[in-house]
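For the sequence shown, the tail end lands on 312 under numbering that gives the first Met the number 0, and the numbers increase by one without skipping.
Beta carbons are placed, not taken as given, at the ideal position from N, Cα and C, and that holds for glycine.
These numbers were taken from a predicted model, which means no experiment stands behind them.
A quick write-up on the structure given underneath.
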Amino acid sequence: MAGKSKPSSRPRRTAAPTRPPGDGAVDATPRRTGSRVIRETPPRAPVPASAPPPSSVKAAESRGKYVYCVIRSEDPLRFGAIGLGTTPAEVHTVHYKDIAAVISDTPIEVLDATRENVLAHERVNEAVMREHTVIPMSFGTVFKTRDDITELLKGAYGAFTDVLLKMEDKVEFGLKVLWDRDEVIKQIEREDDDVRQLKGEIASQTGPTYFARVQYGRLVESALQNRSERYVSEIFEMLRDVSVASRANKPIGDKMIMNAAFLVARDRESAFDAKVKAIGAKYDHLTFRYTGPWPPYNFVNIRLKLERAKPGE
């Protein structure tokens, strides 16, 4: 849906996003801008002005431990009262050798993926990733005790250290590409001889046109698919030299033709930003939306063998 105003074509710097780029519902209606490149800034959860008083050790140990991410650190770290909860919990680390889990206390219960909870989860990862390479944990990862978390770090130590090394000084960006399907169909009707001819035949027929319309629909869908695949292939190729890796996720809705994540070295963020803008200028009939930097959600795959805490236990 076209907007009435034209915002600046300069992409906006984002905070950490509210969910991984391959997940969740997205408004797939393109907003028109001069460059067709939109750097989106997700909403951020507020943090109280003052920290709550620390809980007693006994009270803390009677609750579960929510894990936000894993980092490389030998020193105990505290990130302040920025965690989940109506009164945001104190966030700190639990260690094994030179790696640490970033955690806070939480009730042992199934956490609803509400906007506030998801934003709080991302708020912590955003704060931590400013100074550390982050292995993000899935939302709702809760263990019973600190010892369980130590066992987690010990049992997956090799996997964690390997991923931390591979992800060092790298962040993730999400890129979605959208088009105006109706406008693309009109373009196909102008440029594709077979489609144009069949449309003319349908318009001139006085009798039934059912089979001709079916054939027309198939030709248009095939042309849309071919054009979409060509655009996506070209965009991936043009971003290859400014990214370390990429991943294609399933597009959402008819207007989205590309839903991808890119792993980018921190010192190449500006180059990635510039290349996206250049691609947006080249494909000015498409709309590009991207967010980041994120923790590398789409590029971390560690299977955890330690059983998590269950409500009621």
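Check each candidate in the options and name the one with the smallest Cα separation from residue i.
i, options, result
"SER242", "TYR156, LEU174 and ASP104", "LEU174"
"ASP232", "ALA247, LEU218 and ALA222", "The residue you asked about is not Asp; residue 232 is Ser in the sequence shown. Comparing Cα positions, the closest option is ALA247."
"LYS96", "GLU73, ALA88, THR86 and LEU110", "GLU73"
"ARG313", "LYS254, VAL263 and ASN258", "Here the chain comprises residues numbered 0 to 312, so residue 313 is not present and cannot be evaluated."
"MET128", "VAL194, ARG265 and ARG35", "ARG265"
"ALA270", "VAL162, VAL101, PHE172 and GLU108", "PHE172"
"ASP104", "ARG195, ILE256 and TYR65", "TYR65"
"GLY63", "ASP147, ILE70 and ASP168", "ASP147"
"TYR282", "GLY252, ARG229, PHE298 and ARG267", "ARG229"
"ALA390", "GLU268, TYR289, THR140 and ILE256", "Any answer about residue 390 is impossible in this case: the structure gives the chain only from 0 up to 312."
"SER227", "ILE256, ALA211, GLY252 and THR85", "ILE256"
Here's the rule: buried if 16 or more other CB atoms are within 10 angstroms of the residue's CB, otherwise exposed. What is residue i?
i, result
"ASN300", "exposed"
"GLY82", "buried"
"TYR209", "exposed"
"ALA44", "With a pLDDT of 48 at ALA44, under the threshold of 50, the modelled position of that residue is not reliable, and the figure given next carries that caveat. Buried, since its Cβ has 16 or more Cβ neighbours within 10 Å."
"HIS284", "exposed"
"VAL213", "exposed"
"LEU118", "buried"
"SER49", "Annotation note: pLDDT 41 at SER49 (below 50); position unreliable, coordinate value reported separately. Burial call: exposed."
"LEU164", "exposed"
"PRO75", "exposed"
"ARG114", "exposed"
"THR92", "buried"
Going along the chain, which residues of its own chain have a beta-carbon closer than 6 Å to the beta-carbon of residue i, five neighbours each way excluded?
i, result
"PHE78", "VAL90 and ALA126"
"PRO135", "CYS68, ASN124, PRO294 and TYR296"
"ASN258", "LYS175, ASN248 and PRO250"
"PRO292", "VAL170"
"PHE159", "VAL69 and ILE98"
"THR132", "LEU163, MET166 and GLU167"
By Cβ distance below 8 Å, which residues in the same chain neighbour residue i in space, the five residues on each side in sequence not counted?
i, result
"ILE184", "VAL219 and LEU223"
"ASN116", "LEU83, LEU110 and PHE138"
"LYS198", "GLU188 and TYR215"
"SER245", "PHE235, LEU238, ARG239, ALA259, ALA260, PHE261 and LEU262"
"VAL194", "ILE187, GLU188, TYR215, LEU218, VAL219 and ALA222"
May I ask you to list the residues that DSSP assigns as paired with residue i?
i, result
"ALA80", "GLU89"
"GLU121", "Note: GLU121 sits in no beta bridge, so no partner."
"ASN258", "LYS175 and ASN248"
"ILE37", "ARG288"
"GLY63", "THR105"
"TYR313", "Examination of residue 313 is not possible in this model, given that the chain is present from 0 through 312 alone."
"ALA100", "VAL69 and VAL93"
"ILE134", "VAL69"
"PHE210", "In the DSSP output, where bridge partners are listed per residue, PHE210 has none listed."
"LYS169", "ALA264"
Does any heavy atom of the ligand NAP sit closer than 8 Å to the C-beta of residue i?
i, result
"VAL117", "The model on display carries no ligand, and the ligand NAP is accordingly not part of it."
Looking only at its chain, what residues have a beta carbon closer than 7 Å to the beta carbon of residue i, apart from the 5 residues adjacent to it on each side?
i, result
"VAL56", "Unreliable placement is indicated for VAL56, whose pLDDT of 39 sits below 50; the coordinate value is still reported in the next sentence. Cβ within range, chain order: n/a, list empty."
"ASP191", "ALA222"
Measure from the C-beta of residue i to each C-beta in chain B and report whether the shortest distance is under 9 Å.
i, result
"PHE138", "Looking for chain B here will not work: only one protein chain is present."
Worksheet item: Any chance the segment 267–278 sits against the segment 150–159, with 3 or more Cβ pairs inside 8 Å?
Response: no
Discussion item. Count Cβ pairs between the segment 196–206 and the segment 139–151 that sit closer than 8 Å; are there 3 or more?
Written reply: no
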